[in-house]
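Letter by letter, the sequence shown follows residues 828 to 1187 in this note's numbering. First the structure, in the form of structure tokens, and then the observations on it.
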Amino acid sequence: MDAEKVKKTIVVTGGAGFIGSNFVNEWFSCYPDAQVIVLDALTYAGHLENLAAAQKYAGFKFVQGNIADASCVQAIFAEYQPEALINFAAESHVDRSIHGPGEFIQTNVNGTFNLLECARHYWTQLDAAAQAEFRFLHVSTDEVYGSLEADDAPFTEQHPYQPNSPYSASKAASDHLVRAWFHTYGLPVLTTNCSNNYGPFHYPEKLIPLVIQNALAGKTLPIYGDGSNVRDWLFVTDHCAAIRRVLASGRLGETYNIGGWNEKTNLDVVKTICAQLDALAPRQDGVSYAEQICFVKDRPGHDKRYAIDASKLASELAWKPQETFESGIAKTVAWYLDHQDWVRAVTGGAFDAWVRQQYQ
Ligand code: NAD
Ligand code: TYD
828 MDAEKVKKTI VVTGGAGFIG SNFVNEWFSC YPDAQVIVLD ALTYAGHLEN
878 LAAAQKYAGF KFVQGNIADA SCVQAIFAEY QPEALINFAA ESHVDRSIHG
928 PGEFIQTNVN GTFNLLECAR HYWTQLDAAA QAEFRFLHVS TDEVYGSLEA
978 DDAPFTEQHP YQPNSPYSAS KAASDHLVRA WFHTYGLPVL TTNCSNNYGP
1028 FHYPEKLIPL VIQNALAGKT LPIYGDGSNV RDWLFVTDHC AAIRRVLASG
1078 RLGETYNIGG WNEKTNLDVV KTICAQLDAL APRQDGVSYA EQICFVKDRP
1128 GHDKRYAIDA SKLASELAWK PQETFESGIA KTVAWYLDHQ DWVRAVTGGA
1178 FDAWVRQQYQ
């Protein structure tokens, strides 16, 4: 990466969640003298345990607060004078958005609106050099583009927005706000739309960690519908590296798709996890974990297929993923086997209630 363009002080919203914490921990590995202010509400998905590595650095600061709280966000801008804000904070689980969409509108839409307004007021009073350096990077999802048929080309940045779930609709709305703040006010924004991530610190409500945990606990491995839905999987550190690249060298106002060229059916993903577990932590009865697979009622409005065309990021910013699905899933399964204490720390009462609500 271009050394002189590295931001010294950044604000990371949602930095205690899955991708945000990987991003912050890696940022300090890359730039040990950096200052990073994490703003996170610590919802059920946010955990300070995820940031244990980052907390060892002198430049780490944590603020517990809501991105929709103007006075909180304004105070952070005033105190730390950041050169960038990277917005990971969101309600992120499609199934929860079906049960309760209100929080998704509140955080993903109103929260992003508040961040944009606070950033705009802060940016407006900076001098010209600082204005030119400042970036607002909005982390979004491929789900805003809707669903592909089996023989459709992968999503490019030109694909129309066709969100189908309350989650993806709320993210689409936030992307539109970010775009408008660039075109109307000149706020120096960047947007990234990434495919499904997996890796360490992934909250166990999502498919991959849920399947690992259920397998180890001897529970069923719930696959929605017939398991033929396709997702394009990217190891989380590849996503973080792409965001660093876009932050350093992305063209203002542009959106960049991020993906791993790793399309898999859900059934294939689950079978791969079972094979990894069979090798690393075999069941005592010698039977494969695949025996625990169970097809359950489909998710309402379940998008059939996501696939990302990441050529723009590759050609403009020379990014490509480092992990294959095979290497990434092996690291992920090994990480969960080694971090069962983390799983216990971040789950418990409220998580068990969610599992009962969703699966029984
Ligand atoms: P996550 O649910 O693991 O973490 C979200 C974090 O945001 C948590 O720490 C939570 O406490 C915090 N948060 C929630 N509401 C907040 C609020 N109002 N104020 C402050 N903090 C709040 O999510 P994730 O999987 O790490 O996703 C991060 C971002 O990346 C999201 O914007 C998501 O839409 C996007 N994304 C995720 C994926 C994926 O596969 N997980 C793929 C593409 C894009
Ligand atoms: P998920 O991890 O929730 O991510 P997203 O919905 O954002 O893609 O789900 C990934 C895929 O796995 C999706 O097609 C839904 C499916 N799925 C199941 O089949 N069973 C489950 O228990 C979960 C949580 C997801």
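Glycine included, C-beta positions come from ideal geometry on N, C-alpha and C.
LYS1131 places its beta carbon 7 Å or farther from that of ASN1084. By the neighbour-count definition (other C-beta atoms within 10 Å, threshold 16), LEU964 is a buried residue.
As computed with DSSP, HIS965 is found in a beta bridge with ASN914 and THR1018.
Here the stretch 1046-1063 lies against the stretch 1112-1125, with 3 or more beta-carbon pairs under 8 Å apart. If you draw a straight line from the Cα of LEU875 to the Cα of ASN1041, it comes to about 24 Å.
If you check the CB distance, GLU970 and SER995 come in under 7 Å. At a cut-off of 6 Å, the beta-carbon of LEU1017 does not count as near the ligand NAD: no heavy atom of the ligand is closer than that.
VAL1182: not part of any beta strand (DSSP E); member of the alpha helix (DSSP H) spanning 1176-1186, first to last residue.
Assignment of beta-bridge partners to ASN893 by DSSP yields no partner. The beta carbons of ASN1024 and HIS1066 sit about 5 Å from each other, so the pair counts as a contact at 8 Å. Around the beta carbon of HIS1010, fewer than 16 other beta carbons sit within 10 angstroms, so the residue counts as exposed. When GLY927, GLY1176, ILE913 and PRO1148 are compared, the shortest CA-CA separation from ARG962 is found for ILE913.
Not one heavy atom of the ligand NAD falls within 6 Å of the beta-carbon of ASP1059. Judged by their CB atoms, ASN991 and GLY1086 are not nearer to each other than the 7 Å cut-off. When the beta-carbon positions are compared, ILE932 and ILE903 stay at least 7 Å from each other.
The beta carbon of ILE1156 lies closer than 6 Å to those of THR1099 in the same chain, with the five residues before and after it left out. Scanning ASP1112, THR1082, VAL1038 and ALA1141 for the CA closest to the CA of LEU1094 turns up VAL1038. Contact check for ASN935 and SER1022: beta-carbon distance about 18 Å, past the 8 Å limit, so the pair fails to qualify. According to the DSSP assignment, THR951 belongs to no beta strand (DSSP E) but to the alpha helix (DSSP H) extending over 939-951. Close CB contacts of HIS1029 within its chain, under the 8 Å cut and outside five residues either way in sequence, are with PHE845, ILE1035, PRO1036, VAL1063 and THR1159 (chain order).
Distance from the CA of ARG1072 to the CA of PHE887, rounded to the nearest whole angstrom, comes to 21 Å.
Residue pairing by DSSP places CYS857 opposite no residue, since no beta bridge is assigned to it. Between LEU878 and SER848, the gap from beta carbon to beta carbon is short of 7 Å. The secondary-structure analysis by DSSP pairs PRO1049 across a beta bridge with CYS1121. Going by C-alpha positions, PHE915 is about 23 Å away from TRP1088. Runs of beta strand (DSSP E) with 3 or more residues, each lying fully within the stretch 1082-1167, are found at 1082-1085, 1090-1092 and 1120-1123, listed in chain order. A straight-line Cα-Cα distance of about 15 Å links GLY1054 and GLU1118. The DSSP assignment places 962-968 as complete runs of the beta strand (DSSP E) inside the stretch 958-1005, in order along the chain (cut-off: 3 residues). Distance from the CA atom of ALA1145 to the CA atom of GLU918, rounded to whole angstroms, is 31 Å.
The beta-bridge partner set that DSSP reports for ARG1058 consists of LYS1091. Not one heavy atom of the ligand TYD is found less than 6 Å from the C-beta of ILE1100. For VAL936, there is no enclosing beta strand (DSSP E), as DSSP gives it neither H nor E. Around the beta carbon of LYS834, 16 or more other beta carbons lie within 10 angstroms, which makes this residue buried. Using a Cβ distance threshold of 7 Å, LYS998 and SER974 do not count as a contacting pair.
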